[in-house]
Structures are given as C-alpha cells and as structure tokens.
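Novice: Residues 1 to 93 in the UniProt record's numbering are what the sequence shown spells out, letter by letter.
Backbone N, C-alpha and C define an ideal beta-carbon position, used for all residues, glycine too.
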Amino acid sequence: MRPDVQDQIISIIAREAVLEPAEVRPEMTLEELGLDSLGLVEMIFAIEETFGVSVPFNANEPAQTDFDISSVGAIVRAVERLISGPSAAAAVA
C-alpha cells in the first residue's frame, strides 16, 4: 500500500466516522468504525473528489460491486487500483 494514499483514505474515513485518524487501522471494518450508510456514501464521494476517480459503487446494492469495502485496507487497495488506471485494475482482476 502506498502510504500517501493510505493516509488520505484513513483521514477521510476518520472524518466520516468522527474519529481521530490514529484510531483507524487497515484491518478495521466500516462497521467496527461505526460508519453508517450515509457515512459510507459521503466517504465514497470524498474519495472520488480527493483522487479524481469514479468509484464503481452502488449504495443500493453494496454487495454487487467490484469496489471492496470489507476493511479500511481493502478500500485503500481498491483506490490504488483505480488511480493506477484501467490496465492495473485489469491485471488484478
């Protein structure tokens, strides 16, 4: 994981979960952080704005997406693939 991407995502998640960034660890789930569905949507918007990407996420059917939100670390890896471009995402799939 790239530290700069991880730090920015942790900052976004912490803000939405009303926590300090130091309280957010890569292995934590959004549920453990107390992030509700509105916070999740706000987090997705903030990630898109911060990194200039379009996150393939459907809030109505979160299980039916290619964007892994199972943990903070999974979100970091998914964003890294998005910002690396389509060729990197295809190589991982």
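1. Ile-12 and Ile-47 look like a contact to me (Cβ under 8 Å); what is the Cβ gap, rounded to whole Å?
2. Quick one: what does DSSP say Met-43 is sitting in, helix, strand or coil?
3. Rank Glu-27, Gly-34, Phe-67 and Val-76 by C-alpha distance to the C-alpha of Met-7 and give the top, closest one.
4. Do you know how far the Cα of Asn-58 is from the Cα of Phe-51?
5. Cutting at 6 Å between CB atoms, please list the residues of its own chain near Phe-67, excluding the five before and the five after it.
6. Excluding sequence positions up to five away, which residues of its chain have a Cβ less than 6 Å from the Cβ of Ala-90?
Specialist: By the coordinates alone:
1. The residue given as residue 12 occupies position 12 in the sequence shown. The residue given as residue 47 occupies position 47 in the sequence shown. The pair is a contact, with the Cβ atoms about 6 Å apart (cut-off 8 Å).
2. For the purposes of this step, residue 43 is identified with residue 43 of the sequence shown, where counting begins at 1. The answer is helix: DSSP assigns Met-43 an H, G or I state.
3. Sequence index remark: in the sequence shown, residue 7 carries index 7 (1-based). The sequence given here places Asp at residue 7; Met does not occur at that position. Residue Val-76 is the option with its Cα nearest to Asp-7.
4. For the purposes of this step, residue 51 is taken as residue 51 along the sequence shown, with counting starting at 1. For the purposes of this step, residue 58 is taken as residue 58 along the sequence shown, with counting starting at 1. Spanning the alpha carbons of Phe-51 and Asn-58 requires a straight line of approximately 18 Å.
5. Here residue 67 refers to the residue found at position 67 of the sequence shown. Sequence-distant partners of Phe-67 (beyond 5 residues in either direction) whose C-beta falls short of 6 Å from its own C-beta, in its chain, are Val-55, Pro-56, Phe-57 and Ala-78.
6. Locating residue 90 in the sequence shown gives position 90, counting from the first residue. With a pLDDT of 44 at Ala-90, under the threshold of 50, the predicted position of this residue should be treated as unreliable, though the coordinate-derived value follows. Contacts found: none.
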